[in-house]
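Residue 171 in full-length UniProt numbering sits at position 171 of the sequence shown, and the numbers go up by one each step. Note that beta-carbon positions come from the ideal geometry of N, C-alpha and C, so glycine has one too. All values reported here derive from a predicted model rather than from experimental measurement. Remarks on the structure that follows.
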Amino acid sequence: MRPPASAGESSRSAIVGRTVTGHHLLDIDGYSHIMEIPNGVCIKSRPFHVAGRTWRIYYYPNGRRPVSSEHIAVLIYVDMNLAGPVNARAKFSLLDLAGKPVLTHTRTTKLHHFASDGYGYDRFIERTWLEKSKYLKDDRFTIRCDVFVTMEVRTEERRPVSPSVVVPPSNLNRHLGDLLASQEGADVTFQVAGETFRAHRCVLAARSPVFKAELLGSMKESNKAVVVRVDDMEAQVFRALLVFVYTDVLLDCPELSKQEQAAMVQHLLVAADRYDLGRMKLICEDRLCKHIDMGSVVNILVLAEQHHCHGLKKACFQFLSSQSNLNAAMASEDFENLTRSHPSVLKELLSNIAAHVPSDGKIS
């Protein structure tokens, strides 16, 4: 134990209480089939982890008790075999088609001491209401469960506040963006789809090994105006690529429709791969993951294969691991083209699905 602080010395301590949060999404895929499970019988979610403890959602499609058989019941349990009791709250939300909570069907429990029992709602959703609502689509819907674990209050020593100077965040990207916009000192001109773009060879070469080889090779000692023609690329795509090179920011295109945005991101991914801009390519992959649907999954899968996008390919495989999604995709003309042009991708897809088929032989 430290001796008491003498005159002129300073010390500090804190009483710390905090809440650790986490959430789990439970997809009900095949609602009408799951409805065959009788009252009082539940299906457990896969385990998930919050605050060092393992949790499961218990889903009762026809209610937990006879008195609530017209409702869907949801409860949450903590695995007592892996840790001791814990105090927590749970919030259950029905999600709309955009993945947002439906306010009329979002409920938060009181603080509960989880030991051997579960806690939740016997009348979470009335089935007849759900079946008439817009939230049940293609025989599926999603429930989100947020868990708020109250951690044990503790005391800890703190260092006294030292004098400091507030340092603003870096604004290098803004200055480089201004340099691109002003074209001051630009020493290379690009001709792209009828438009011209002026830029700085040293900036481009520092960001892209492809630009470096192209602009600091035979052109390095040239004092003449350098003009580079870029084929097979739209002007708006090259403009967005230049902005990223200078600012490290890939701008959104809110004026475009969702379908046009997806097409734009695909073009940007191809451009990023062409100029070896790894971070830009990963950003495009991440954005395309959010555009995967029945109308785009096959084309995005082909794009991922052509440009070695492993994360994007994995997201496509995950989407197609659903039996209903796979059946719909296989009936499309795009899928027929995939089987002819990329048989190795089809083989990898089927192997991936087979590896995740449960012991009962049914794809989720």
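The alpha helix (DSSP H) runs lying completely inside the segment 124-206 and spanning 4 residues or more are 127-132 and 172-182, given in chain order. The beta carbon of leucine 130 is closer than 6 Å to those of Leu136 in its chain, skipping five residues each way along the sequence. Residues Met151 of the same chain have their beta carbon placed closer than 6 Å to that of arginine 18, with the five preceding and five following residues left out of the count. With respect to the 9 Å criterion, proline 66 and asparagine 87 are not classified as neighbours on the basis of their beta carbons. For the pair valine 237 and histidine 267, the CB atoms are nearer than the 9 Å cut-off. Comparing alpha-carbon positions, the option among Arg64, Lys44, Thr128 and Thr189 lying closest to tyrosine 58 turns out to be Lys44.
Spatial neighbours of leucine 346 in its own chain (CB-CB distance under 8 Å, excluding positions within 5 residues in sequence) are listed in chain order as Leu338 and Thr339. Just so you know, the alpha carbons of serine 11 and glutamine 183 end up roughly 55 Å apart.
In this chain, glycine 311 is not harboured by any beta strand (DSSP E); it is covered by the alpha helix (DSSP H) spanning 310-320. Residue range 86-95 is occupied by the beta strand (DSSP E) that includes lysine 91. Burial check for arginine 287: the Cβ neighbour count within 10 Å reaches 16 or more, so the residue is buried.
For the pair valine 230 and valine 192, the CB atoms are nearer than the 9 Å cut-off. The DSSP-derived three-state label of isoleucine 283 is helix. Classified as buried, glycine 120 has 16 or more neighbouring CB atoms from the shown chains inside 10 Å of its CB.
DSSP, reduced to helix, strand and coil, places aspartate 252 outside both helices and strands of the structure shown, so it counts as coil. In the three-state reduction of the DSSP assignment, proline 343 falls in the helix class. For threonine 19, the uninterrupted beta strand (DSSP E) run begins and ends at 19-29, by DSSP. Annotated three-state conformation of proline 61 is coil, per DSSP.
Cβ-Cβ distances below 6 Å link glutamate 234 to Ala193 in the same chain, with the five nearest sequence neighbours on each side left out; the list follows chain order. Setting aside the 5 residues that flank it on each side, leucine 349 is surrounded in the same chain by Phe317 and Leu320, each with a C-beta closer than 7 Å to its C-beta; the list follows chain order.
For arginine 144, the closest alpha carbon among the candidates His24, Asp293 and Ser341 is that of His24.
One Cα belongs to glycine 63, the other to threonine 128, and the distance between them is close to 13 Å. When secondary structure is reduced to three states using DSSP, leucine 277 falls in the coil class, being assigned neither helix nor strand. For threonine 247, the enclosing alpha helix (DSSP H) has its first and last residue at 235-247.
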